[in-house]
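Q: Okay, so the sequence shown: first residue is 18 according to this note's numbering, each after it adds one. Even for Gly, the Cβ is constructed at its ideal location relative to N, Cα and C.
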Amino acid sequence: MKIAINARFLFNSKLEGIGRYVYETSIRMIKNHPEHEFILLFDRPFEPVLLQSENVKNVLLPPPARLPWLWYLWFEVMIHQYLKKQNVDVFYSGDSYLSLKSKVPTLLVSHDLAYRHYPDHIPNSALRYYRKNFEKFHRRANHIIAVSNTTKEDIMYQYGIDSEKITVAYNAVDRSKFSPITLSERHEVRARYANGKPYFVYVGSLHPRKNIENLIKAYEWYRNTSGKDTKLVLVGRLAWHSDAIAAAMKNSEYTMDIIHLNSVGAEVAEIIAGAEAMVYVSVFEGFGIPILEGMSCGVPVICSNVSSMPEVAGTAALEVDPMEPVEIGEAMCRIVSNRQLSEHLVARGFQNLERFDWNQSAEIIWQKLVDISRP
18 MKIAINARFL FNSKLEGIGR YVYETSIRMI KNHPEHEFIL LFDRPFEPVL LQSENVKNVL
78 LPPPARLPWL WYLWFEVMIH QYLKKQNVDV FYSGDSYLSL KSKVPTLLVS HDLAYRHYPD
138 HIPNSALRYY RKNFEKFHRR ANHIIAVSNT TKEDIMYQYG IDSEKITVAY NAVDRSKFSP
198 ITLSERHEVR ARYANGKPYF VYVGSLHPRK NIENLIKAYE WYRNTSGKDT KLVLVGRLAW
258 HSDAIAAAMK NSEYTMDIIH LNSVGAEVAE IIAGAEAMVY VSVFEGFGIP ILEGMSCGVP
318 VICSNVSSMP EVAGTAALEV DPMEPVEIGE AMCRIVSNRQ LSEHLVARGF QNLERFDWNQ
378 SAEIIWQKLV DISRP
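(1) Let's test the definition: count the other Cβ atoms within 10 Å of the Cβ of residue 200 and tell me whether it reaches 16, buried, or not, exposed.
(2) For residue 314, write down the residues that DSSP places opposite it in a beta bridge.
(3) If the criterion is Cβ atoms closer than 7 Å, does the pair residue 291 and residue 207 meet it?
(4) Determine the extent of the alpha helix (DSSP H) in which residue 385 is found, giving its start and end residues.
(5) Would the beta-carbon of residue 313 fall within 7 Å of that of residue 167?
(6) Could you give the DSSP three-state label for residue 74: helix, strand or coil?
(7) So residue 15 is in the beta strand (DSSP E); what residue range does that whole segment cover?
(8) What are the boundary residues of the alpha helix (DSSP H) that residue 216 is part of?
(9) Starting from the N-terminal side, write out each stretch of the alpha helix (DSSP H) that is 4 residues or longer and does not extend beyond the segment 148-214.
(10) Apart from the five residues on each side of it in sequence, which residues of its chain come closer than 6 Å, Cβ to Cβ, to residue 91?
(11) With a 10 Å radius around its C-beta and 16 neighbouring C-beta atoms as the bar for buried, classify residue 158 as buried or exposed.
(12) Please report the distance separating the alpha-carbon of residue 285 from that of residue 318.
(13) Give the range of the beta strand (DSSP E) segment to which residue 23 is assigned.
(14) Hey, quick one: how far does the beta strand (DSSP E) through residue 336 stretch, first residue to last?
(15) With a floor of 4 residues, list each alpha helix (DSSP H) that falls wholly inside the segment 29-56, ordered by position along the chain.
(16) Whole-angstrom Cβ separation of residue 370 and residue 309, contact assumed at under 8 Å?
(17) With 7 Å as the threshold, decide whether the Cβ of residue 289 is near any Cβ in chain D.
(18) Which word fits residue 129, buried or exposed, when buried means at least 16 other C-beta atoms lie within 10 angstroms of its C-beta?
Rendered as structure tokens:
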């Protein structure tokens, strides 16, 4: 069987969200099925060592598809022509985009329908593209993989697609990378990133949907109420429409204690492991990987009680209303003041992680690729 994979988020080793999902599922399928040919389709120069194997062929199809008109060109011209010319048996697209023109059986991964819920948080040109095409993509796909039951239900509700066309395959976390650290290592991490002080951590891009402004308000309430000098470390890039977030950090009465780390690479795991808690209070998520990263690092997690986050957290996190800064702040106080609660959440977190496994998700995807492939 000849399997083509949309690899445009795998061009370097700095993998995030979608790229991580495609990488972790693809590498397992490639290793588990050496008798099949895998063609990785890139839209820009790439690091071939990411997925290197005798049954892998790396193909560069320019141009880099990072704007709506280039998305159209890449999928409807470059991808369409390549799949047709190479007589590919099945196409795996892990970023929610596909070629509407192509007749090749396609497995689409859908991460979220955020554009339907929070259109104001998306640039206008991208929003127009999503509104015009995303429902068509989901209908065109031979089968859909949703990263959570919440996303599956949203697809069914928003697009009226039958549940039998959608299968859930969760994200997971690399527990060898995201793991607890020793007390002495924690002191070193805190000295390196937080002037030796304890801190709360948030990991993810900084844009309106991530609710950073309310997180900062919650942190201010926590500081004023608890009297403790715990810091707040925000790990992630300032994204689109982030001016208000930057202003909130700058204008906070605790601005000197709000630490923004734009890019930390592999160090993100130790930064999480050194925290008092992971605080992830987004207003909407298709999954919420940092919740698992916090649990895997052995720290308590505070997360929102909306969208997919309760599904991912199970019973192993303090769930809060993301629109209520005081409620978030109270959860922060509970974590810091109640060691027994903190330890209980950590233990429940380790148990919760057993529900999420890249091997299992990769096998689900492989079976669906086989099911829909050309006979």
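A: Inspection of the coordinates gives the following:
(1) Locating residue 200 in the sequence shown gives position 183, where the first residue counts as 1. Result: exposed.
(2) Here residue 314 refers to the residue found at position 297 when the sequence shown is read from its first residue. According to DSSP, which records beta bridges pairwise, residue 314 is partnered with nothing at all.
(3) For the purposes of this step, residue 291 is taken as residue 274 along the sequence shown, with counting starting at 1. For the purposes of this step, residue 207 is taken as residue 190 along the sequence shown, with counting starting at 1. The answer is yes: Cβ separation under 7 Å.
(4) Position 368 of the sequence shown, counting from 1, holds the residue named residue 385. Here the alpha helix (DSSP H) through residue 385 covers 375-389.
(5) For this step, residue 313 is matched to residue 296 along the sequence shown. For this step, residue 167 is matched to residue 150 along the sequence shown. Contact: no.
(6) Taking the first residue of the sequence shown as 1, we reach residue 74 at position 57. DSSP, read as helix, strand or coil, puts residue 74 in strand.
(7) Because the chain spans 18 through 392 in this model, residue 15 falls outside it and cannot be assessed.
(8) By 1-based counting over the sequence shown, the position of residue 216 is 199. Residue 216 -> not in any alpha helix (DSSP H); beta strand (DSSP E) instead, spanning 216-220.
(9) For the alpha helix (DSSP H) assignment, the uninterrupted runs of no fewer than 4 residues enclosed by the segment 148-214 are, from N- to C-terminal side, 166-176 and 200-210.
(10) Stepping through the sequence shown from its first residue, residue 91 is reached at position 74. So the list reads 60 and 82, once near-sequence residues are dropped.
(11) The residue labelled residue 158 in the question sits at position 141 within the sequence shown. With 16 or more Cβ atoms within 10 Å of its Cβ, residue 158 is classed as buried.
(12) Sequence index remark: in the sequence shown, residue 285 carries index 268 (1-based). Sequence index remark: in the sequence shown, residue 318 carries index 301 (1-based). Cα to Cα, the separation comes out at about 16 Å.
(13) By one-based count along the sequence shown, residue 23 stands at place 6. If you look at residue 23, you'll find it in the beta strand (DSSP E) that goes 19-23.
(14) By 1-based counting over the sequence shown, the position of residue 336 is 319. Element bounds for residue 336: 335-337.
(15) Complete alpha helix (DSSP H) runs here, min 4: 34-49.
(16) Looking up residue 370 in the sequence shown gives position 353. Looking up residue 309 in the sequence shown gives position 292. Their Cβ separation, rounded to whole angstroms, is 6 Å, which keeps residue 370 and residue 309 in contact under 8 Å.
(17) Here there is only one protein chain, and chain D is not present.
(18) As a first step, residue 129 is located in the sequence shown; it is residue number 112 there, counting from the start. Residue 129 counts as buried, since no fewer than 16 other beta carbons sit within 10 angstroms of its beta carbon.
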